[in-house]
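Trainee: Counting in our numbering, the sequence shown runs from 269 upward without gaps.
C-beta atoms are modelled at their ideal positions from N, C-alpha and C, and glycine is treated no differently.
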Amino acid sequence: MFETGTFIVSIVAFLIMFLIIRRYGFKPLADMLEQRRQYIERQISEAEEGRAQAEALLAEQRRLLEEARQEARNIVEAARARADEQAREILQAAQAEAQRLLEENRQMIAREREEALNAALREVADITVRLTAKLLQQNVTDAVHEKLLAEAEKKLGELVC
269 MFETGTFIVS IVAFLIMFLI IRRYGFKPLA DMLEQRRQYI ERQISEAEEG RAQAEALLAE
329 QRRLLEEARQ EARNIVEAAR ARADEQAREI LQAAQAEAQR LLEENRQMIA REREEALNAA
389 LREVADITVR LTAKLLQQNV TDAVHEKLLA EAEKKLGELV C
């Protein structure tokens, strides 16, 4: 049952088939698997490079965003400082204007008071002169006339001072 010839032919046929399959089947299959392995390694390395670039871009974006936020804070702070300064300047200008108007009003009141006083004194003097003239015309002698003039001058001097 065991035939040596058939066994040797089967072994030789197997070895020939093995060599043919190895040369034309395994070798292209091994080459194809090697190319696939290299392709996968390239894809992995490209993915890692892409991830590294993405992380670098993300870090750059975060840095730029923080710079933009800081610049915005600086702009807001500068605007707030300018607004405060302008408010102080407006307040000082308003206070100066109010002080100027108050001083002008005080001077105007003093002038008007002086003018009213002078007008009153002129009126009093005018009335006094008219009354005195009437009295003198009616029954005053030269001695009485001199005495009345001296008194009038004295009283007018007191009113003016």
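Report back the beta-carbon spacing between residue 424 and residue 388 to the nearest angstrom; my notes put them in contact at under 8 angstroms.
Mentor: The pair is not a contact, with the Cβ atoms about 13 angstroms apart (cut-off 8 angstroms).
Trainee: Taking only beta-carbon positions, decide if residue 288 is within less than 8 angstroms of chain D.
Mentor: The structure shown contains no chain D; it is built from a single protein chain.
Trainee: Go ahead and pull the three-state DSSP assignment for residue 271.
Mentor: coil
Trainee: DSSP on residue 409, reduced to helix/strand/coil?
Mentor: In the three-state DSSP reduction, residue 409 falls in the coil class, being neither helix nor strand.
Trainee: Taking the C-alpha atoms as reference points, what is the distance between residue 287 and residue 273?
Mentor: 21 angstroms
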